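Student:
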Ligand SMILES: [Zn+2]
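In our numbering, the protein residues as written are 2 to 215.
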C-alpha cells in the first residue's frame with residue numbers, strides 16, 4: 002500500500018501494465034493506492050503478449066534498417082526481451098495463486114488506511130472517494146472476482162456486490178462513498194446509488210486522473 006498526501010502524488014504511482022489501479026481518498030487529505038494482483042495465468046498471458054509485440058517491433062526495425070543490430074536502440078530492445086523472458090520463467094515457477102482485484106485489496110487494507118488516517122490527522126474520516134481505472138466487475142462479466150472471506154467477512158462474487166456490502170455495513174464512520182471509474186470493464190458500466198455508496202463514470206468536473214497519468 003502506497004500512502005500520499007496529494008492526489009497527484011498518489012497518481013504518480015498508479016500505472017502498471019495490465020493491472021487495475023485504485024486510489025482511495027479520505028476527506029481529500031490522504032490518498033492510498035492499490036493495484037489488482039494478477040494470477041499466474043494472467044501473468045503468463047501478459048508476458049506472451051509483451052513478447053509478441055516486441056517481436057513484431059524488432060522485425061519491423063530489422064526490415065527497415067539493417068544496421069539496427071549495432072544501434073543502442075536494438076540493445077535496449079534485446080534487454081527488454083530478455084527481461085520479459087526472465088519474468089515468464091519466474092511466473093512458470095510460481096505456485097498458482099488467486100487473482101485479487103484492486104477493490105478487494107482496498108477492503109482487505111481498509112482498517113490500516115482508517116487507522117493511519119486517524120493517527121496522521123487526529124480524527125476519523127467522513128468522506129471516502131475512490132478513483133478506479135476500470136468499472137468494478139459484475140457477475141455478468143466474463144471475468145469477475147470470486148466469492149471470498151476478507152478480514153473475517155464473507156463477500157459474494159464480483160467487486161460490485163462486495164463494495165455494496167463493505168461500504169454500507171463495514172465503514173460506520175464514513176457518511177458517503179463515491180466511486181469514480183475511468184474505463185468500462187469488459188464493455189460494462191455502472192451508474193448506481195445503493196445506500197451511502199455511489200458508483201459512476203468520473204464526471205468532467207472531478208479532478209482528471211488521466212492527465213496526471215500521462
Ligand atoms: Zn473486480
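Glycine included, every Cβ here is placed at the ideal spot set by N, Cα and C. Computed from a predicted model, the values in this text were never measured in an experiment.
Quick check: residue 192 and residue 126, are their CB atoms within less than 7 Å of each other?
Tutor: No, the pair does not count as a contact, with Cβ atoms beyond the cut-off.
Student: Could you tell me the distance, in whole angstroms, from the CA atom of residue 159 to the CA atom of residue 148?
Tutor: Taking the straight line from one Cα to the other gives about 7 Å.
Student: Please classify residue 169: does DSSP put it in a helix, a strand, or coil?
Tutor: It is helical.
Student: Cβ-heavy atom distance between residue 202 and ligand 2 below 6 Å?
Tutor: What this structure holds is ligand 1, not ligand 2.
Student: Please tell me whether, using a cut-off of 6 Å, the distance from the CB of residue 146 to the nearest non-hydrogen atom of ligand 1 is below it.
Tutor: The answer is yes for residue 146.
Student: Taking just the CA atoms, how far does residue 169 sit from residue 86?
Tutor: Approximately 45 Å between the Cα atoms of the pair.
Student: Can you find a heavy atom of ligand 1 that lies under 6 Å from the Cβ of residue 136?
Tutor: No.
Student: Does residue 117 come out as helix, strand or coil in the three-state DSSP assignment?
Tutor: Note: residue 117 maps to helix in three-state DSSP.
Student: Can the beta-carbon of residue 30 be found less than 7 Å from the beta-carbon of residue 122?
Tutor: The answer is yes: Cβ separation under 7 Å.
Student: Between 207, 133, 60, 199, which has its C-alpha nearest residue 105's C-alpha?
Tutor: Measuring from the Cα of residue 105, the nearest candidate turns out to be 133.
Student: Closer than 6 Å by C-beta to residue 179: which residues in its own chain qualify, once you throw out the five before and the five after it? Chain order, please.
Tutor: These residues qualify, in order along the chain: 130, 199.
Student: For residue 206, I'd like the list of residues in its chain whose CB is within less than 8 Å of its CB, leaving aside the five on either flank, ordered along the chain.
Tutor: Same-chain partners within the cutoff: there are none.
Student: State the DSSP-derived secondary structure class of residue 77, mapped to helix, strand or coil.
Tutor: Of the three classes helix, strand and coil, the one that applies to residue 77 here is helix, per DSSP.
Student: Count the other CB atoms, across all protein chains shown, that sit within 10 Å of the CB of residue 137; report buried if there are 16 or more and exposed otherwise.
Tutor: Per the 10 Å Cβ criterion, buried.
Student: Here's a check: name, in chain order, each residue in its chain whose Cβ is nearer than 7 Å to the Cβ of residue 215, leaving out the five neighbours to either side.
Tutor: Any reading at residue 215 is ruled out, since the residue's pLDDT is 36, under 50, leaving its predicted position unreliable.
Student: Just to confirm, does residue 168 get its C-beta within under 6 Å of one of the non-hydrogen atoms of ligand 1?
Tutor: Residue 168 Cβ: outside cutoff for every heavy atom of ligand 1.
Student: Would you tell me roughly how many angstroms separate the C-alpha atoms of residue 212 and residue 183, rounded to the nearest one?
Tutor: Low confidence applies here, because residue 212 scores a pLDDT of 39, under 50, leaving its location unreliable and the question unanswered by this model.
Student: May I have the straight-line CA-CA distance separating residue 185 from residue 194, to the nearest angstrom?
Tutor: Going from the Cα of residue 185 to the Cα of residue 194 covers about 18 Å.
Student: Assuming residue 155 and residue 163 are in contact, meaning their beta carbons sit under 8 Å apart, how far apart are those beta carbons, in whole angstroms?
Tutor: Contact doesn't hold; Cβ gap of about 10 Å is too wide.
Student: Which same chain residues, not among the five before or five after residue 55, have their C-beta less than 7 Å away from its C-beta?
Tutor: Around residue 55: 78, 81, 82, 85.
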